[in-house]
Amino acid sequence: MNYAVLITLHLFAAFIFVGTVFFEVLMLEGIRKQVPRDAMRSVEQAIGKRARRFMPWVIIVLYGAGIGMAWHYRVVLAHPLDTPFATLLSLKILLALSVLAHFITAMVLSTRGKMKTRHFQAIHVSVFLHMLAIILLAKAMLYVG
Ligand code: HEM
Numbered sequence: 001m002n003y004a005v006l007i008t009l010h011l012f013a014a015f016i017f018v019g020t021v022f023f024e025v026l027m028l029e030g031i032r033k034q035v036p037r038d039a040m041r042s043v044e045q046a047i048g049k050r051a052r053r054f055m056p057w058v059i060i061v062l063y064g065a066g067i068g069m070a071w072h073y074r075v076v077l078a079h080p081l082d083t084p085f086a087t088l089l090s091l092k093i094l095l096a097l098s099v100l101a102h103f104i105t106a107m108v109l110s111t112r113g114k115m116k117t118r119h120f121q122a123i124h125v126s127v128f129l130h131m132l133a134i135i136l137l138a139k140a141m142l143y144v145g
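All letters in the sequence shown, in the order written, are residues 1 to 145 by full-length UniProt numbering.
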């Protein structure tokens, strides 16, 4: 697929994914103390149900386009320590794989009804920090070396 199409798809999917994570951490976690525990639990379950419906598609587009673009850089990525670009892109991909592991864990816990509030919070904060690092790396790699 054309590189311009891949990066556009990647950016749109990243914007939905990152936007959702930022909303959940900055808004939802921010209102936790003002909302009764049972109501918050219902909201978390409803969000989990909604996320299970559309997030897999966002993930497929995000990672699919990412892999398609990484294929263009396969020669560079074969030597991740040779250039700053290759190092930063490799780090970004590693962090993205870690985000995927978080996402799969959340889906499995949620589907089995084992997602507790403390899991919900820990996964959110960890993915949020991953997102900050991924965005910084994604932009920094274009300006170094
Ligand atoms: C949580 C997952 C991910 C997020 C949030 C994310 C986000 C981004 C963002 C914001 C950019 C900058 C695009 C621009 O400004 O032009 C980018 C670029 C890029 N991403 Fe990702 N990405 C993710 C996963 C991946 C994965 C899994 C791969 C590859 C396996 C990948 C490969 C790339 C490549 C190669 C570029 C460079 C595009 C270029 O400028 O030529 N990404 N990503």
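Note that CB positions come from ideal geometry on N, CA and C, so glycine has one too.
State yes or no: is the C-beta of residue i nearer than 8 Å to some heavy atom of ligand 1?
i, result
"V61", "no"
"V18", "yes"
"Y73", "yes"
"H124", "no"
"M131", "yes"
"L26", "no"
"I93", "yes"
"G113", "no"
"I104", "no"
"H10", "yes"
"V144", "no"
"V5", "no"
"A51", "no"
"I67", "yes"
"M141", "yes"
"A101", "no"
Just to check my reading of the structure: residue i and residue j have Cβ atoms closer than 8 Å, yes? What is that Cβ distance to the nearest angstrom?
i, j, result
"Y3", "M107", "About 30 Å separates the two Cβ atoms, so there is no contact after all."
"H124", "V61", "That pair is no contact at about 22 Å."
"V18", "M131", "5 Å"
"V75", "T83", "Their Cβ separation, rounded to whole angstroms, is 11 Å, which puts V75 and T83 out of contact at 8 Å."
"E44", "T117", "7 Å"
"L95", "A140", "Incorrect: roughly 13 Å between the Cβ atoms, too far for contact."
"V58", "A13", "5 Å"
Exposed or buried, which one is residue i when buried takes at least 16 other CB atoms within 10 Å?
i, result
"H79", "exposed"
"V99", "buried"
"I67", "exposed"
"S42", "exposed"
"Y143", "exposed"
"A46", "exposed"
"L127", "Looking at the sequence provided, one finds Val at residue 127 rather than Leu. Per the 10 Å Cβ criterion, buried."
"L11", "exposed"
"L89", "buried"
"M27", "exposed"
Quick check on this structure: which residue in the options has the alpha carbon closest to the alpha carbon of residue i?
i, options, result
"G48", "L97, A86, A138, H119", "H119"
"R50", "T20, I134, L81", "T20"
"H102", "E29, I134, A122, T83", "A122"
"L137", "K92, I31, G113", "K92"
"G113", "A65, Y63, R52", "R52"
At a Cβ threshold of 9 Å, is residue i touching chain D?
i, result
"M40", "Within the model displayed, chain D is absent; a lone protein chain is all it includes."
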